[in-house]
Ligand code: AMP
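Residue numbers (my numbering): 124 to 312.
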C-alpha cells in the first residue's frame, strides 16, 4: 500500500496536490478538514468540530482520530491513502502508526510542502474569495492557524524524520511544477 502523509501549513497547497496524487496513483484521498466540514452542522459532532475549526483551533485528538479511522475503514480495497491534514499532532501520528500496524501496513512517506508565512497568508486570503471558509477570511484566524501549526503540528515532521520518512518539497511554483516534485520524491523513494 502507498500511504502518503501530505503535510504542510494551511495554504501550502495540500488539497490541490492531493487531487493530483490521487489521479496519478489511484489512491483514496482523506482530508480531515473536509470530513469535519461535511458533518451536519446541527449534529453534536458537527457543532463540536465547528466550535474549534471556526476559530482556527485543532479539534481534540480523540475525536479526530476516531473520525479518521472511520473514514479509512470505508475503503477496505484502497491501493493506498493520501492523508491530507492528518496527523496534525504527535499523538495523532502515533495513533496512525498503531492503526496501520494492526492492518499490517505503515506510512510510506511524509511529503511536506514548504511555503513561507507571507505567501501562506496571501494564498489563504485569496482562497477566501471562493472557499466561503470563515477561517480563510479573517487575518486573526489565519494567524492562529499558522501559530497552531508551528506549535502543535510542525513537531510531527520530526516524528517521521526520525523514521527516515520525511521528504521536504518546495511548495512554491506552478501547480504542475510542484506536482512533479512530489512525483519525483515518490519515485526515488
Ligand atoms: P483544513 O481543511 O485542513 O485546513 O482544516 C480545517 C480545520 O479542521 C482545522 O483548522 C482544524 O480545526 C480542523 N482539523 C482538520 N484536520 C485536523 C486534525 N488532524 N486535527 C485537529 N483538527 C483538525
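We put the beta carbon where it would ideally sit given N, CA and C, even for glycine.
Predicted model only: the values in this text are computed from it and were never measured.
Assigned exposure category for residue i - 16 Cβ within 10 Å defines buried
i: residue 298; result: exposed
i: residue 133; result: buried
i: residue 191; result: buried
i: residue 253; result: exposed
i: residue 216; result: buried
i: residue 225; result: exposed
Nearest candidate by alpha-carbon position, reference residue i, set the options
i: residue 186; options: 200, 167, 203, 197; result: 167
i: residue 130; options: 312, 310, 305; result: 305
i: residue 149; options: 169, 172, 124; result: 124
i: residue 309; options: 230, 262, 220; result: 230
i: residue 189; options: 221, 177, 164, 287; result: 221
i: residue 262; options: 170, 177, 228; result: 177
i: residue 287; options: 266, 307, 267, 312; result: 312
i: residue 194; options: 250, 307, 219; result: 219
Supposed contact pair residue j and residue i - C-beta distance, whole angstroms, cut 8 Å
i: residue 272; j: residue 128; result: Actually they do not touch by this definition, with Cβ atoms about 15 Å apart.
i: residue 126; j: residue 223; result: 7 Å
i: residue 155; j: residue 209; result: 4 Å
i: residue 153; j: residue 205; result: 7 Å
i: residue 279; j: residue 211; result: 7 Å
i: residue 136; j: residue 301; result: 6 Å
Simplified DSSP state of residue i, which is helix, strand or coil
i: residue 209; result: coil
i: residue 165; result: coil
Neighbour flag for residue i against chain E, beta carbons, 8 Å
i: residue 263; result: Among the chains in the structure shown there is no chain E, since it carries only a single protein chain.
Could you tell me whether the segment 237-250 touches the segment 147-164, where touching means 3 or more Cβ pairs closer than 8 Å? no
Q: Check whether the segment 243-251 touches the segment 164-184, counting contact only when three or more Cβ pairs, one atom from each stretch, lie closer than 8 Å.
A: no
So, does the segment 128-143 touch the segment 288-298, judging by three or more C-beta pairs under 8 Å?
yes
Do the segment 249-266 and the segment 194-203 make contact, defined as three or more Cβ pairs closer than 8 Å? no
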